[in-house]
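**Student:** Quick note on the working numbering: the sequence shown kicks off at 1 and runs consecutively.
Just so you know, even glycine gets a beta-carbon here, dropped at the ideal spot from N, CA and C.
As the structure is a prediction and not an experimental result, all values here were calculated from the model.
Attaching a single structure in structure tokens format; questions to follow.
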Amino acid sequence: LHPIDTVKTRLQSPLGKKSRRLFESVYDGLIPSLIGGVPATATFFAVKDFCKRMLKDSVGDALTKSEVTMLAVIVANFPYWIIRTPFEVQKTVEQTSGLNRSSLIHTIEGIKSSYRSYFSNILYSLPADILKFVCCKLFYFNLMRPYSLQGLDEQINEVLFSQSDVIEGANAAVSGALASAVAQLIT
1 LHPIDTVKTR
11 LQSPLGKKSR
21 RLFESVYDGL
31 IPSLIGGVPA
41 TATFFAVKDF
51 CKRMLKDSVG
61 DALTKSEVTM
71 LAVIVANFPY
81 WIIRTPFEVQ
91 KTVEQTSGLN
101 RSSLIHTIEG
111 IKSSYRSYFS
121 NILYSLPADI
131 LKFVCCKLFY
141 FNLMRPYSLQ
151 GLDEQINEVL
161 FSQSDVIEGA
171 NAAVSGALAS
181 AVAQLIT
């Protein structure tokens, strides 16, 4: 969400409101965000999908689809933030202070300082992530599913409809908007 994220981060920092740099170099921190975000997100989805398959195989119909999704999202958040946290710290440092201070922090405090916000990141993101994925499934099954292609074999229809990039994009957009609204209310 650069440049909005940079301005928000600067406003939240102790010196941010007084800084003349508020709207300068608004793309500071973008590189760490991208470098950490891509593998973290890939790991999140790999773990989430694996957990969903394992839960479906082990508990069968004992849990609803929403419960399976919630549990898988909770588990997937832990490795996601293990990867993402140091890059988020680096991003924030670059957004608020620039590159020189960042090097100094890691030299003085070590890598341990990069994980100070690990649990707060998880606690912050879990409600929004759970809501986002559960809403995505509910949106798909209750609003979009009735518009699937009529007259095709159910298995063919499932493959065609569930793999549609347009449908998945719409699911993600609606769910993401709801989750973002909830995340903003939480903070």
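Just tell me which of S33, G36, N77 has its CA closest to the CA of D129.
**Tutor:** Checking every option, the nearest Cα to that of D129 belongs to N77.
**Student:** As a quick exercise: from Y80, L30, M70, pick the residue whose alpha carbon is nearest that of T92.
**Tutor:** Ranking the options by Cα distance to T92, first place goes to L30.
**Student:** Can you give, in chain order, each stretch of the alpha helix (DSSP H) that sits fully within the region 64-135 and has at least 4 residues?
**Tutor:** Runs found: 65-96, 99-109.
**Student:** Mind reading off the beta-carbon distance from T85 to Y115? Whole number of angstroms is fine, and I expect it under 8 Å.
**Tutor:** Right, the Cβ-Cβ distance comes to about 6 Å (below 8 Å), so this counts as a contact.
**Student:** For P32, does the count of other Cβ atoms within 10 angstroms reach 16, so buried, or fall short, so exposed?
**Tutor:** It is buried - the Cβ of P32 has at least 16 other Cβ atoms within 10 Å.
**Student:** Tell me whether the beta-carbon of Y80 lies closer than 7 Å to the beta-carbon of F44.
**Tutor:** Closer than 7 Å, so yes.
**Student:** Would you call the CB atoms of T69 and K137 closer than 7 Å?
**Tutor:** Yes; because the gap between Cβ atoms is below 7 Å, this pair is in contact.
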